[in-house]
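Note that my numbering numbers the sequence shown so that position 195 is 384, with each residue one more than the last.
Note that the Cβ used here is the ideal one computed from N, Cα and C, for glycine as well.
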Amino acid sequence: MMPEPSAPTRLTLDAEALAANWRTLDRLSGTAAAGAAIKADAYGTGARRAASVLREAGCRAFFVAHWSEAEEVRDLLAPGELSVLHGPLTADDVAFARASGVRPVLNSLEQVTRWVEAGGGPCDLMVDTGINRLGLPLEALSAPIVGQLTVEVLLSHLASAEAESPLNEVQRKRWDQARAVIPHNRASLANSAGIMRGPAYHGDLTRPGLALYGGVPCEALAGLIRQVARPEAAILQVRSLSAGDTVGYNETFTATAPMRVGVVALGYADGYLRCWSNQGHFRANGSALPVLGRVSMDMTVVDLTDCPDLAEGDWIAADYELPEAARRSGLSQYELLTLLGRRFAR
Ligand SMILES: *Cc1c(COP(=O)(O)O)cnc(C)c1O
């Protein structure tokens with residue numbers, strides 16, 4: 190057998206922290222059960238792994254965005270546990286849903302019609318209560334064809350759950366109105382931050398995403414959520430710099446004294462963006478290793494002064510604790526996670 194070359198870049202997933210975060214969010218959801226948004230490859234952490242861990246923790250409702258994402262994980266879940274947020278856009282989507290038991294989230298009268306005319310079956314229904322993204326407006330709920338649906342989960346989605354916006358209450362009241370009009374089995378409104386708005390926002394099912402994976406979207410969750418994903422990379426080479434030597438493209442770092450540096454196999458093609466140039470840190474044995482110069486496509490250079498024992502082939506971790514990394518980089522916690530590229534071994 191051909192030996193497999195190893196990846197110099199890996200994303201470690203702390204399965205225990207992921208499970209603990211779900212249990213925390215499930216507890217904070219009160220009488221509602223917490224589901225899980227696992228779209229976009231579970232926010233970049235690896236959907237199959239995350240789905241298994243979350244199901245093992247007790248999660249029984251999963252949401253992806255694309256139909257292809259449903260196909261990726263559905264063998265890990267029981268029938269009826271998976272919904273596709275984008276809904277059925279084509280006859281093939283409808284046929285896949287009906288054959289697989291993956292529920293479509295119907296978002297428009299067009300989608301409702303497409304579903305009913307193909308024979309229907311259990312579905313989810315998204316009501317737009319003010320985000321103006323996907324979902325039927327309240328006025329459309331009285332359309333006769335909507336009355337033909339078998340609605341398992343009646344959903345809406347908050348635009349500013351993490352902020353003190355009057356729109357939150359407006360949306361909650363409209364969602365309550367929808368619940369009164371549309372027969373359904375379960376009702377769901379809250380994302381991660383929405384859970385912290387209190388019991389009136391919980392309904393029967395909550396849909397956290399970000400906080401499962403270590404994101405802290407609002408102050409109320411600070412201290413309750415554990416870091417889950419850690420980008421790590423191997424040192425490809427160790428170099429010795431003399432005073433006056435510069436590092437990387439466009440010479441944005443100049444050594445002022447002799448120093449030891451490491452060239453790490455992580456770059457912007459992996460989602461470690463150029464905003465970390467001369468800003469980011471890696472960590473090994475408790476010491477911080479500052480990024481020197483520009484991040485390039487496949488490599489980043491770090492200062493090894495505080496870790497004289499590190500050598501070629503050793504692994505170091507990028508500082509990537511999400512709330513702090515978002516403050517430092519100007520990227521959102523969502524972006525920081527979903528950027529992490531395909532070259533990571535997950
Ligand atoms: C992505 C998404 C979620 C999860 O939101 P977070 O802010 O990541 O917790 C919940 N519901 C819908 C409809 C979504 O698109």
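In this structure, how does DSSP classify residue i when only helix, strand and coil are distinguished?
i    : result
V405 : coil
D313 : strand
G451 : strand
A533 : A quick correction: the sequence has Phe, not Ala, at residue 533. Of the three classes helix, strand and coil, the one that applies to F533 here is coil, per DSSP.
I505 : strand
L462 : coil
V291 : coil
I424 : strand
R517 : helix
R322 : coil
T489 : strand
L526 : helix
V273 : strand
A240 : helix
R216 : helix
V335 : helix
T234 : coil
P268 : coil
P388 : helix
R375 : strand
A350 : coil
V484 : coil
R472 : strand
R303 : helix
A225 : strand
L278 : coil
E193 : coil
L410 : helix
R249 : coil
Ignore the nearest five residues each way along the sequence and tell me which others in residue i's own chain have a CB closer than 8 Å to its CB.
i    : result
P197 : A422, A423, L425, A454
D508 : G469, H470, F471, R472, A477, A514
P293 : S272, V273, G276, P277, D282, V283, A286, Q300, W304, C312, D313
G224 : C248, R249, A250, F251, F252, S377, L394, T395, R396, P397
H373 : L314, V340, E341, V342, L343
V417 : L202, D203, A206, L207, N210, T234, L401, Y402, G403
A458 : M486, D487, G530, R532
G502 : A423, I424
Mind checking if residue i is an interface residue toward chain E, Cβ cutoff 7 Å exclusive?
i    : result
A246 : Absent from the structure is chain E; it holds one protein chain and no more.
Measure the CB-CB distance between residue i and residue j and report whether it falls below 7 Å.
i    : j    : result
S345 : T318 : yes
A376 : G392 : yes
R396 : F252 : yes
K228 : A206 : no
G233 : L526 : yes
D492 : V450 : yes
G456 : S485 : yes
M315 : L327 : no
R263 : V283 : no
G219 : P388 : yes
G308 : L295 : no
V480 : W465 : yes
A221 : A231 : no
Excluding the 5 residues flanking residue i on each side, which residues of the same chain have their C-beta closer than 7 Å to its C-beta?
i    : result
A400 : N210, L214, S381, P406, L410, I414
C496 : A473, N474, S476, L478
L356 : G319, A348, S349
Output needed for residue i: all residues of its chain with C-beta closer than 6 Å, excluding positions within five of it in sequence on either side, in chain order.
i    : result
A534 : A196, R199
G482 : V436, G437, T441, F442, V490
L378 : S345, W364, Y390, G392
V452 : L425, Q426, M488, V490
L325 : V316
P447 : S431
So residue i and residue j are in contact, right, with Cβ under 8 Å, and what is the actual spacing, rounded?
i    : j    : result
G290 : G269 : 6 Å
V335 : S272 : Not a contact, Cβ separation roughly 18 Å.
L536 : A250 : Shown here, the chain extends from 190 to 535; a query on residue 536 therefore has no answer.
S241 : L265 : 6 Å
G538 : L511 : The displayed coordinates of the chain run from 190 to 535. Any statement about residue 538 would go beyond what the structure contains.
V370 : L338 : The Cβ separation is near 12 Å, so there is no contact.
R287 : E261 : Not a contact, Cβ separation roughly 19 Å.
G460 : A444 : So it is not a contact: roughly 28 Å between Cβ atoms.
A506 : P420 : 7 Å
L217 : I384 : 5 Å
Inter-stretch contact (C-beta, 8 Å, three-pair minimum) for the stretch 427–442 and the stretch 257–271
no
Around ligand 3, which residues pass a check of Cβ closer than 5 Å to any of its heavy atoms?
Ligand 3 is absent from the structure shown, which contains only ligand 1.
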